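Peer 1:
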Amino acid sequence: MNLPTTNQREEEILRALFRAGGSCRVSVLANELGVSLETIRRNVRNLEERGIVRKVHGGVHLLEDILEPSLQSRLDKKVDAKEKLAKAVAEVISNGDSVFLDIGSTTAYVAQALGNHSDLFVVTNSVFVAQALASRNNNRVFMAGGELRSHDGGAFGVEAQDLIKRLNVRFAVLSVGAVNADPGFMLHDLQEANLARVAIQNAQVRIVVADGEKLGKRAPVTLEPADKINLFFTDVTPPEDICQMLSANEIDLVVAE
Numbered sequence: 001m002n003l004p005t006t007n008q009r010e011e012e013i014l015r016a017l018f019r020a021g022g023s024c025r026v027s028v029l030a031n032e033l034g035v036s037l038e039t040i041r042r043n044v045r046n047l048e049e050r051g052i053v054r055k056v057h058g059g060v061h062l063l064e065d066i067l068e069p070s071l072q073s074r075l076d077k078k079v080d081a082k083e084k085l086a087k088a089v090a091e092v093i094s095n096g097d098s099v100f101l102d103i104g105s106t107t108a109y110v111a112q113a114l115g116n117h118s119d120l121f122v123v124t125n126s127v128f129v130a131q132a133l134a135s136r137n138n139n140r141v142f143m144a145g146g147e148l149r150s151h152d153g154g155a156f157g158v159e160a161q162d163l164i165k166r167l168n169v170r171f172a173v174l175s176v177g178a179v180n181a182d183p184g185f186m187l188h189d190l191q192e193a194n195l196a197r198v199a200i201q202n203a204q205v206r207i208v209v210a211d212g213e214k215l216g217k218r219a220p221v222t223l224e225p226a227d228k229i230n231l232f233f234t235d236v237t238p239p240e241d242i243c244q245m246l247s248a249n250e251i252d253l254v255v256a257e
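Read in order, the letters of the sequence shown correspond to residues 1 to 257 in full-length UniProt numbering.
#1: With distances taken Cα to Cα, identify the nearest neighbour of F233 among E240, R206, E192.
#2: Just mark M1 as buried or exposed, buried being the case when its beta carbon has 16 or more other beta carbons within 10 Å.
#3: Does the separation of the CB atoms of A86 and A113 fall below 7 Å?
#4: So, helix, strand or coil for R54, using DSSP?
#5: Alpha carbon to alpha carbon, what distance is there between R50 and L29?
#6: Note down the Cα distance separating V44 from V141, rounded to an integer number of angstroms.
#7: On the CB-based measure, 16 or more other CB atoms within 10 Å of its CB, does H188 come out buried or exposed?
#8: Here's the rule I'm using: 16 or more other beta-carbon atoms within 10 Å means buried, otherwise exposed. How should G115 be labelled?
#9: V169 and N139 look like a contact to me (Cβ under 8 Å); what is the Cβ gap, rounded to whole Å?
#10: What is the rounded straight-line gap between the Cα of M143 and the Cα of F156?
#11: Go ahead and pull the three-state DSSP assignment for A203.
#12: Using only the alpha-carbon positions, how far apart do K228 and M186 sit?
#13: With DSSP collapsed to three states, give me the class of F142.
#14: In chain order, what residues of the same chain have a beta carbon less than 8 Å from the beta carbon of I164, not counting five sequence neighbours either side?
#15: Just the C-alpha distance for A88 and A256, rounded to the nearest angstrom, thanks.
#16: Which two residues bound the contiguous beta strand (DSSP E) that contains S175?
#17: May I ask which residues mark the beginning and end of the alpha helix (DSSP H) holding T39?
#18: For V176 and G34, what's the separation of their Cα atoms in angstroms?
#19: Quick one: which unbroken alpha helix (DSSP H) runs of 4-plus residues sit fully inside the region 74-107? Chain order, please.
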C-alpha cells in the first residue's frame, strides 16, 4: 500500500527542519511558517507515522537526512555507479527516439551517455540535460518553461507541466531519491513528483533509475502509481522485499553489472 504523498505544508516543515539543523521547536515552526500550533502538530503526526520525523516534548527531529543536496554535489557522488547505469539506459534508447529526462543527477549522466546518439527528440526540465544534448547530432530539444530553481537548474510549475502534457514521448527516464519495499519509489520534492507523474502519463516506456545507495531508503514524497513504471535500472541486486515490490507491480529489473 502506497503512503500518502507529502503535501505542501509538510514539505515546508521538512525544509524548515533542515535549515534548523534537523531539530526545532513546534512553536518556532509555527511562527516561521505563519500557521497555528495545531496545524504544525497535525502535519508532524503524519510525518511521524511515516518514519520521517520524531516528535519529542515541544519539538521535532528529522530521523535522517531526507532533503536533497544541490545537483552539483549529487553529480560528484557515486560517479562510477551512475556512469554504469547511464550507459545501460542509453543502450535501450536508439537514434531517432523521443525521450523525457528529468533533473536528477543520474539522469544527467544518462544525458551524457546519449552524447553519440543522433536525431533524438528530447523533452526536459533540466538546464544540464538541455545543454548536454542541444545543438548536436541533429537532436531536437524542448526545454520546459518556468522559473529555474537555483540549486539544480530545474523548471517546474504549470508552464513545465503544460509542455510535457503536449509532447508524447517513447521513453520517460526518471531519477528517484529512494526505493522502498512498502511505498515503492520516492522523491525528495513535491514539485518533482507532480511533474514526474505528468511525464509518466505521456510516455510509452517509463524507466526509473537509481544507484544501490537509494535502496531501502525513504524520502518524503511517494511517486504514484508504481505500477505505471516499466523498467527499474540499478547497479546492485535489490533486497528480496524490493524485488517482490517490483514483481507485484510488473516492473522489469535491470541490474547494470
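Quick reminder that beta carbons are idealized off the backbone N, C-alpha and C, glycines included. Predicted, not measured: the structure shown is a model, and the values here were computed from it.
Peer 2: Inspection of the coordinates gives the following:
#1: Stepping through the sequence shown from its first residue, residue 233 is reached at position 233. That would be R206, whose Cα lies nearest to the Cα of F233.
#2: If you number the sequence shown from 1, residue 1 lands on position 1. Per-residue confidence for M1 stands at a pLDDT of 31, beneath the threshold of 50, marking its modelled position as unreliable; no derived number is given.
#3: If you number the sequence shown from 1, residue 86 lands on position 86. If you number the sequence shown from 1, residue 113 lands on position 113. Contact flag set, yes.
#4: The count along the sequence shown starts at 1 and reaches residue 54 at position 54. Residue state, collapsed to three classes: strand.
#5: As a working mapping, residue 29 is identified with position 29 in the sequence shown. As a working mapping, residue 50 is identified with position 50 in the sequence shown. Near 19 Å, if we compare the C-alpha coordinates of R50 and L29.
#6: Walking along the sequence shown from the start, residue 44 turns up at place 44. Walking along the sequence shown from the start, residue 141 turns up at place 141. A direct Cα-to-Cα measurement between V44 and V141 gives close to 42 Å.
#7: Your numbering for residue 188 matches position 188 in the sequence shown. That one is buried.
#8: Within the sequence shown, residue 115 is the residue found at index 115, counting from 1. Exposed, because fewer than 16 other Cβ atoms sit within 10 Å of the Cβ of G115.
#9: In the sequence shown, the residue the question calls residue 169 occupies position 169. In the sequence shown, the residue the question calls residue 139 occupies position 139. That belief does not hold up - the Cβ atoms of V169 and N139 are roughly 13 Å apart, past 8 Å.
#10: On the sequence shown, residue 143 is found 143 positions in, with the first residue counted as 1. On the sequence shown, residue 156 is found 156 positions in, with the first residue counted as 1. Cα to Cα, the separation comes out at about 11 Å.
#11: The residue you call residue 203 lines up with position 203 of the sequence shown. Residue state, collapsed to three classes: strand.
#12: Working through the sequence shown from its first residue, we reach residue 228 at position 228. Working through the sequence shown from its first residue, we reach residue 186 at position 186. Straight-line Cα distance between these residues: approximately 14 Å.
#13: Here residue 142 refers to the residue found at position 142 when the sequence shown is read from its first residue. In this structure, F142 counts as strand in the three-state DSSP scheme.
#14: Start at 1 with the first residue of the sequence shown, and residue 164 comes out as number 164. Within the same chain, I164 has close Cβ partners F100, V123, N125, A144, L195, V198, A199, N202.
#15: Position 88 of the sequence shown, counted from the start, is the residue given in the question as residue 88. Position 256 of the sequence shown, counted from the start, is the residue given in the question as residue 256. In a straight line, the C-alpha of A88 is about 6 Å away from that of A256.
#16: Within the sequence shown, residue 175 is the residue found at index 175, counting from 1. Where S175 is concerned, the enclosing beta strand (DSSP E) stretches over 169-175.
#17: The count along the sequence shown starts at 1 and reaches residue 39 at position 39. It spans 37-49 - the alpha helix (DSSP H) in which T39 sits, taken as one unbroken run.
#18: Stepping through the sequence shown from its first residue, residue 176 is reached at position 176. Stepping through the sequence shown from its first residue, residue 34 is reached at position 34. Cα to Cα, V176 sits roughly 31 Å from G34.
#19: 79-92
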